[in-house]
Each structure stands twice: as C-alpha cells, then as structure tokens.
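Protein chains in written order, with this note's numbering: chain V, 303 to 416; chain G, 85 to 198.
Below, the structure is given as structure tokens:
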C-alpha cells in the first residue's frame, strides 16, 4: 500500500455536531500531519505527530482535537465548529530514508460547516 | 520562522512554451525545497525536490534550480502541455531529527492554452 487514505471524502456538519476525520497509511511512516486548506491558498499546518506523539500544535482552537491511536492511523475530532472552519482537510505522512525526505498527502476531506 | 514568497500568482502560457515559477525564502538554515502540483479538487503531489547541496535537478520536462546565496529557487517546465495546468506550490523545510515543517509559498495557478 503506497498511499495515504482519508475518510470521509466529504462531510457536512452543523455547528453543534461532533464528527471525526480519519487518515490511514501503511507505509511505515512515523510522522503524520494535519493541514487545513482554504480555496486558492496553500495548505496550513495544524498538527504534527512524530512516533505517535504530538510534537507540533500550531495554535489550533480546541474545537479541533487530534488523536494518533497507532503508527498507521491519525484522527481529527471535530466539535462545535464554525462556518469559517469549512475547508479541505489534508493529512500527510512523511517518509525519511537516506537522502529522501518527502511528505505524501492524502486526498483530503472537504468539510462544510453549516 | 521561515517565510516563503512565490511569484507569479497566475501564469498563462501557450502549449509548447516554457513556464518559470520563482520562490524566495528567508531562513538560510532551510535545506530542502520541494515543489507540489495540485490539480483542481485533488491532493498536492510532489513533482520534484532539491536539497541545498545541489544547484540544479532535472526530471524530464521539469527542472528546479537553487541559489543558496540569494535564497531563491525556481521551477522550470519546458514544452508545456494542457495537463500541466494546475496550482503549483513551492515549499522550504529544515530537515532535522524529529518532525519537520514544510513552509509553503502562496501558489501559482498555471494555465496552459492549447
């Protein structure tokens, strides 16, 4: 398996809902990332997990809660979101080997908050 | 922190012509510079990268050049084709032990006119 997968592809939720985004990779990568991308903008880093431990939290509001249950899985729990949180949420994993150091992105979850 | 600037924001070229996208970075410690291509509604995909110990790298119609002294790097696409139409993001990163952040440029929307 040479891909990062994300589910669901699309999600519509109300401001009082609780939902979760899921990201999976079976490439043995030990760093995983959550990014938020608004239209016509670059990906914006939210969280980084390294060896299943949260190593970077880019001052993300607490209504976003990441979780890394194991080395292959990364979740993003959503609660009480705002309409401005509507965006494409991208997961990435990082491969490091010798001279190679590359982040591979998943297809993203397009989130709409009503 | 690192700041990456990218120009132009939009670029239109005739099919078969060359396209050049330029980026500058602020942190002289950055040592890894990937380029991502993002088609509409799809994930960013790595198309080429360069490390700071190399001045130029080519992969078929795509090349990247790096000027460490001036802190700028460029993407060159020759013999452009309609399928090259996409948004291109440059990025800069300091490769080191642990989780590493990618700092993205603001993106260039390339349109190749058939």
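Idealized CB from N, CA, C, for every residue including glycine.
Who does residue i pair with in a DSSP beta bridge?
| i | result |
| --- | --- |
| residue 372/V | 375/V |
| residue 334/V | 351/V, 395/V |
| residue 247/V | Residue 247/V lies beyond the residue range present for chain V, which begins at 303 and ends at 416; the question has no answer from this structure. |
| residue 346/V | 338/V |
| residue 131/G | BP columns for residue 131/G are empty, so no partner. |
| residue 324/V | 309/V, 377/V |
| residue 142/G | 147/G |
| residue 367/V | 379/V |
| residue 89/G | 108/G |
| residue 96/G | 195/G |
| residue 314/V | 414/V |
| residue 137/G | Its beta-bridge partners do not exist; DSSP assigns none. |
| residue 118/G | 133/G |
| residue 186/G | 177/G |
| residue 389/V | 413/V |
| residue 359/V | 349/V |
| residue 199/G | Limits of chain G in this structure are 85 at one end and 198 at the other, which puts residue 199/G out of reach. |
| residue 170/G | 194/G |
Tell me, to the nearest whole angstrom, how far the beta carbon of residue i is from that of residue j; I am working on the premise that it is less than 8 Å.
| i | j | result |
| --- | --- | --- |
| residue 171/G | residue 129/G | No, residue 171/G and residue 129/G are not in contact; Cβ-Cβ is about 11 Å, not under 8 Å. |
| residue 127/G | residue 410/V | 6 Å |
| residue 107/G | residue 88/G | 6 Å |
| residue 381/V | residue 324/V | The Cβ separation is near 16 Å, so there is no contact. |
| residue 190/G | residue 98/G | Residue 190/G to residue 98/G, Cβ: 25 Å. No contact. |
| residue 344/V | residue 188/G | 4 Å |
| residue 392/V | residue 339/V | 6 Å |
Give the single residue among the options whose Cα lies nearest to the Cα of residue i.
| i | options | result |
| --- | --- | --- |
| residue 385/V | 318/V, 308/V, 399/V, 398/V | 318/V |
| residue 341/V | 348/V, 390/V, 398/V, 359/V | 390/V |
| residue 92/G | 159/G, 187/G, 144/G, 147/G | 159/G |
| residue 327/V | 360/V, 406/V, 416/V | 406/V |
| residue 132/G | 197/G, 173/G, 198/G, 85/G | 173/G |
| residue 309/V | 375/V, 387/V, 367/V, 397/V | 375/V |
| residue 429/V | 393/V, 348/V, 387/V, 395/V | Outside the displayed span of chain V (303 to 416) sits residue 429/V, for which this structure offers no information. |
| residue 195/G | 104/G, 168/G, 86/G | 168/G |
| residue 364/V | 404/V, 372/V, 348/V | 348/V |
| residue 358/V | 377/V, 373/V, 336/V | 336/V |
| residue 383/V | 414/V, 372/V, 402/V | 414/V |
| residue 305/V | 366/V, 334/V, 354/V | 334/V |
| residue 354/V | 312/V, 371/V, 412/V, 366/V | 371/V |
| residue 153/G | 115/G, 161/G, 165/G | 115/G |
| residue 155/G | 141/G, 162/G, 176/G, 85/G | 176/G |
| residue 398/V | 332/V, 307/V, 312/V, 361/V | 332/V |
| residue 112/G | 197/G, 163/G, 157/G, 140/G | 157/G |
| residue 136/G | 104/G, 151/G, 101/G | 151/G |
| residue 373/V | 312/V, 351/V, 361/V, 311/V | 351/V |
| residue 402/V | 134/G, 162/G, 164/G | 134/G |
| residue 165/G | 124/G, 86/G, 125/G, 101/G | 101/G |
| residue 234/G | 161/G, 186/G, 140/G | There is no way to answer for residue 234/G, as the model of chain G reaches only from 85 to 198. |
| residue 198/G | 96/G, 125/G, 105/G | 96/G |
| residue 412/V | 86/G, 85/G, 124/G, 110/G | 124/G |
Heavy atom of the ligand SAM less than 7 Å from the Cβ of residue i, yes or no?
| i | result |
| --- | --- |
| residue 152/G | With respect to small molecules bound, the structure shown includes none, and the ligand SAM cannot be examined in it. |
Given 8 Å as the limit, is there contact between the segment 134 to 149 of chain G and the segment 108 to 119 of chain G, that is, 3 or more CB pairs closer than that?
Counting Cβ pairs under 8 Å, three or more are found: they touch.
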